[in-house]
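Chains A and B, in that order, give the protein sequences.
Heads up, the first sequence stops at 669 in this note's numbering, and the numbers go up one at a time, no gaps.
Heads up, the second sequence stops at 85 in this note's numbering, and the numbers go up one at a time, no gaps.
Take a look at the structure below.
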Amino acid sequence: MREPGSARSAAWRPPVVFFLACVLTTGSAAGVASPLLEYLYIDSSEGTSSGGHAAIRFGDEIFHFQHFEPGVLRSVKDDPHYFRYLYGFLENRTIHASRIDVSEETWRLLRDYFNRRHLIQKQQFDMLQSLRNDGALIRLLLRRKRGAGGSAADDSIQLPGVGLFFPDYPAPSNHLSAEQVPVAPPPGAEMSAVLHAVRKQIEQRYGCFFLTMRVEKIRDRLRRLKPTGYDRALLDLSEDRFSAVRYTFAQHYEDLMTALMGLKALQLALPLRAGIVAAPRLDLFRLRAREIDRLARYRQQLQNDLVLLVNSRRPDWGMAFLVGMARLIVIDRSVRSGRLVFLDTFQADDDLIAAEDVVRFDDVMQEQLHDVKGEFRKAKAGLLASQEMTEVDYSRLEHWSNRYLELRSGIEQQRPIRIHSGHLLPTESAARSDLIVPEVSRYELNRELAESESFHRSYFETLKRLYRYNLFTKNCVTEIFRTIHGAFESHLGSNDAAGEKFGESAMARVEAESVARLGGYLGAEGIHFIPFVSAHTVNRTYDVIASGQWPSYRKTALTRAYEEDASVLVYLRESNVISSTLYRHNPDDSFFIFFTDDAVLPRPLFGAVNSVAGLGQSIVGLFLAPFDGGRALRSGARGVLFSLPELLFFNIRKGSYRYLPYAWAAAGG
Amino acid sequence: MADYTTAYVRSSNGDYAAFQRGLGEIAARHGISNWEVQPITYNAVGVGLKKANLSEVQYETFKRNFAASDYSKMQDIQEGYDAAR
């Protein structure tokens, strides 16, 4: 019953998100008009989801709870199309939806509370990462103070956006304490005329010493920067109370160093680094006169924005400044060349679709290319719109240009295709060791390191206790109901004094509220912590006005096949993995022969064949183990394990998919 | 951004720098680096302020500070505030 956890997600989600059609929204609930509330039950599948999964949908947002390492249950928010693509298509699981009749006020109350819990948890786990970063930075600074060297990775920090203009600068052993922000352009590099123009405009607006003074001020702030310690009140964590956000030592240091490097790039009018610019010769990237004109106007706007940004009060302006300068250079090249030139927005650590998969799934890749080309054309058509271009428009064009070129090149050259989750911003980072070391003593750093490590341990343990996963009492189902009750309790806490006056317990009042708003109450008793059972309980207890299904990918495709071909032929062909045209072997699946999700009566017979096949694969796997690391053995053993329930008419395994075009889910979701 | 703003103003003693940095991270996830010149930022902040149920004085103070007294930006915040339910 454990949901897909982080371990599986790491290997499995990236290919998924490659197909995502990203939209630029603020994620605000303000625009959500329909009070659509659905309880979702997702069929079981092999692996960590043998008991199924559950989620709750509020219009265009789905909240669910997943098990992550180290044994914690975390809130996840997904778009319904993505959710269906992930669970219904790639995992090939049917999703059962129960629509609950609620007022708009109840809908908003619940949605806002689920979202609030989600944001609180995210803030807490972000804080955990910030604490880790603080510790790493203090250790690095201590090594510098001691004159001791570490590995290149340990002795440098990643500065976002800096890689657009500067290369990595690993620690040279003879310059451990040096303050080495470059003072001259790289040998052979030509000055960027566009950045030179920006510099002139800044000097005209703020004076000719402005940049020098800004650099000196930042250097001074870096030298005086000290770890700030931690407020123990931050350890008082709660699931439904925001902690005060903290600007941590490492964040402050990173922001100042990035700003410093941004100013250096401007002062030296550095060119972009080789390899981060794409200038495709394809006809699709040719620009028409009106498009060039609009880009030229945006170029001017961007230049004006950069002049304001260099004097911004926001702490992380440096990264935005580097990205803006880099975009200005490529937009200028686009205007001058009449062809779209853009920054490569993929990151060094992005995942890849292997070259052999690019070839093997050529039909899927071609279909995806077709969809991405359509999105690219739409984004390019935006260049002809009447209103002025904004960064949102340009970013969309940059995003789809990158995706299209990457996919097309990968398919044509049969090379690995880079994939990235969500929207892409060209923030190529550089690992820099030429850092300014604050003038804080070794004694102070040692003391701060001890405090940082101690605080990190306490924070981590508190988080683990707060969100510890439990198969029976804290899982994907129980958290949904607990959050619903929490919403009512929170609402009553602020509005209902009458209940307390009459001596009602908080639980009784929450129960009454649940009955009044949802038609019933689902307490902690019973066995509805099992997703499958919970779906039935919800249907019986709440005001469910409609039930429906989002069929799995295979079921959807089978329905289509039955419409197009003779039923017997389709049944025989698609009943097994050998002749199926709707399934291609996925190494993530266990070993099996027959599909049993659509075969009820012959399920035990098919299950018996699958069990024997799994056993056979296990025996073969035993001999292959020295050569394949036990992969075939594991596949066979899992095959047996997930075939046994089929002997009792129960289906878990459905076969899953590595790659499918996202548009299919988007169209049907 | 709206929900993030609500969260920030409801939590006591939060760092304003950390709040701005958080806005930057959200904007970056949508491909935007310079959120300070995007009207959509101010709309979303307005929505968030409305949902936070601030008093009139608190709202006006936050609006003026966040927009750095820029009339156009304050208008954008107000639009988001008025549109939010």
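Every residue, glycine too, gets a C-beta built ideally from N, C-alpha and C.
Note that the structure is a prediction, hence the values are computed from the model and not measured.
Can you name the residues that DSSP bridges to residue i?
{"i": "A/V670", "result": "The question about residue 670 of chain A has no answer here: the residues shown for chain A are numbered 1 through 669."}
{"i": "A/H585", "result": "None, per the DSSP bridge assignment."}
{"i": "A/E61", "result": "A/F58"}
{"i": "A/E38", "result": "A/R57 and A/R99"}
{"i": "A/K380", "result": "Partner(s): none; A/K380 has no beta bridge."}
{"i": "A/S238", "result": "A/R241"}
{"i": "A/F342", "result": "A/A278"}
{"i": "A/N576", "result": "A/F594"}
{"i": "A/M159", "result": "According to the sequence displayed, residue 159 of chain A carries Leu and not Met. Paired residue(s): A/A430."}
{"i": "A/R418", "result": "A/L352"}
Using only alpha-carbon positions, find the residue among the options that is nearest to residue i.
{"i": "A/K226", "options": "A/A197, A/V277 and A/L141", "result": "A/L141"}
{"i": "A/M325", "options": "A/S337, A/L340, A/L306 and A/D316", "result": "A/L306"}
{"i": "A/E190", "options": "A/A274, A/M127 and A/Y247", "result": "A/A274"}
{"i": "A/R232", "options": "A/E367, A/E239 and A/A244", "result": "A/A244"}
{"i": "B/K73", "options": "B/L54, B/W35, B/V9 and B/V57", "result": "B/W35"}
{"i": "B/T41", "options": "A/R418, A/A508, A/R634 and A/V392", "result": "A/V392"}
{"i": "A/Y725", "options": "A/S395, A/A566 and A/S75", "result": "With chain A represented from 1 up to 669, any question about residue 725 of chain A goes unanswered, as that position is not in the structure."}
{"i": "A/D344", "options": "A/R418, A/F321 and A/E367", "result": "A/R418"}
{"i": "A/V600", "options": "A/A608, A/N115, A/E489 and A/F650", "result": "A/F650"}
{"i": "A/G548", "options": "A/H536, A/L558, A/A557 and A/T541", "result": "A/H536"}
{"i": "B/S33", "options": "A/A54, A/P315 and A/R57", "result": "A/P315"}
{"i": "A/L272", "options": "A/L284, A/L256, A/T94 and A/L328", "result": "A/L328"}
{"i": "A/A289", "options": "A/Y247, A/L383 and A/R199", "result": "A/L383"}
{"i": "A/P70", "options": "A/A250, A/L466, A/R294 and A/L582", "result": "A/L466"}
{"i": "A/Y584", "options": "A/H196, A/A381 and A/Y657", "result": "Note on residue identity: the sequence assigns Arg, not Tyr, to residue 584 of chain A. Cα-wise, what sits closest to A/R584 is A/Y657."}
How many angstroms separate the CA atom of residue i from the CA atom of residue j?
{"i": "A/A379", "j": "B/R29", "result": "18 Å"}
{"i": "A/R360", "j": "A/F455", "result": "50 Å"}
{"i": "A/E513", "j": "A/G520", "result": "9 Å"}
{"i": "A/E674", "j": "A/Q301", "result": "Within the shown structure, residues of chain A are numbered from 1 to 669, placing residue 674 of chain A beyond reach of any answer."}
{"i": "A/N446", "j": "B/I26", "result": "34 Å"}
{"i": "A/C22", "j": "A/F472", "result": "Residue placement at A/C22 is flagged as unreliable, the pLDDT there being 33, under the threshold of 50; the coordinate-derived value follows with that caveat. A/C22 and A/F472: Cα-Cα distance of roughly 36 Å."}
{"i": "A/A278", "j": "A/L435", "result": "31 Å"}
{"i": "B/N65", "j": "B/A17", "result": "13 Å"}
{"i": "A/T478", "j": "A/F529", "result": "6 Å"}
{"i": "A/S409", "j": "A/E356", "result": "15 Å"}
{"i": "A/P15", "j": "A/K217", "result": "Unreliable positioning characterises A/P15 in this predicted model, as indicated by a pLDDT of 40, which lies under 50. A coordinate reading is not provided."}
{"i": "A/P531", "j": "A/V568", "result": "34 Å"}
{"i": "A/A7", "j": "A/P626", "result": "Reliability fails at A/A7, whose pLDDT of 34 lies under 50, so the model's placement of it is uncertain and the value that follows must be treated cautiously. Roughly 25 Å separates the two Cα atoms."}
{"i": "A/M319", "j": "A/Q267", "result": "16 Å"}
{"i": "A/F65", "j": "A/D43", "result": "16 Å"}
{"i": "A/G422", "j": "A/I276", "result": "20 Å"}
{"i": "A/R313", "j": "A/E254", "result": "16 Å"}
{"i": "A/S618", "j": "A/R634", "result": "7 Å"}
{"i": "A/L644", "j": "A/L615", "result": "11 Å"}
{"i": "A/S505", "j": "A/R108", "result": "25 Å"}
{"i": "A/E646", "j": "A/V544", "result": "31 Å"}
{"i": "B/G31", "j": "A/P160", "result": "14 Å"}
{"i": "A/N133", "j": "A/L622", "result": "44 Å"}
List, in chain order, every chain B residue whose beta-carbon is nearer than 7 Å to that of residue i.
{"i": "A/V307", "result": "Correct list: empty, because the minimum Cβ distance to chain B is about 11 Å."}
{"i": "A/M261", "result": "Under the 7 Å cutoff, chain B gives no residues; its nearest Cβ is about 15 Å from A/M261."}
{"i": "A/Q387", "result": "Neighbours of A/Q387 on chain B: none; closest Cβ ~12 Å, over 7 Å."}
Do residue j and residue i have their beta-carbon atoms positioned less than 9 Å apart in this structure?
{"i": "B/V37", "j": "B/T5", "result": "no"}
{"i": "A/A269", "j": "A/S192", "result": "yes"}
{"i": "A/E574", "j": "A/F595", "result": "yes"}
{"i": "A/G59", "j": "A/R111", "result": "yes"}
{"i": "A/V310", "j": "A/R219", "result": "no"}
{"i": "A/L234", "j": "A/M389", "result": "no"}
{"i": "A/F642", "j": "A/A613", "result": "no"}
{"i": "A/L73", "j": "A/R468", "result": "yes"}
{"i": "A/F750", "j": "A/S401", "result": "Within the shown structure, residues of chain A are numbered from 1 to 669, placing residue 750 of chain A beyond reach of any answer."}
{"i": "A/Y39", "j": "A/V515", "result": "no"}
{"i": "A/K555", "j": "A/D597", "result": "yes"}
{"i": "A/K654", "j": "A/S580", "result": "no"}
{"i": "B/A3", "j": "B/K51", "result": "With the sequence shown as reference, residue 3 of chain B is identified as Asp, and Ala is not the correct amino acid for it. Cβ distance < 9 Å, so B/D3 and B/K51 count as in contact."}
{"i": "A/T258", "j": "A/L131", "result": "no"}
List, in chain order, every chain A residue whose beta-carbon is nearer than 7 Å to that of residue i.
{"i": "B/Q20", "result": "R314 and P315"}
{"i": "B/Y8", "result": "V245"}
Under 8 Å between beta-carbons, which chain A residues line up against residue i? List them in chain order, please.
{"i": "B/Q38", "result": "T390, E391 and V392"}
Can you pull the chain B residues whose beta carbon is under 9 Å from the beta carbon of residue i, in chain order?
{"i": "A/M319", "result": "G24, A28 and S33"}
List the residues of chain B that residue i touches, going by C-beta distances under 8 Å, in chain order.
{"i": "A/R396", "result": "G31"}
Name the chain A residues that come within less than 9 Å of residue i, Cβ to Cβ?
{"i": "B/A70", "result": "Residue identity differs from the one stated: residue 70 of chain B is Asp in this sequence, not Ala. Correct list: empty, because the minimum Cβ distance to chain A is about 11 Å."}
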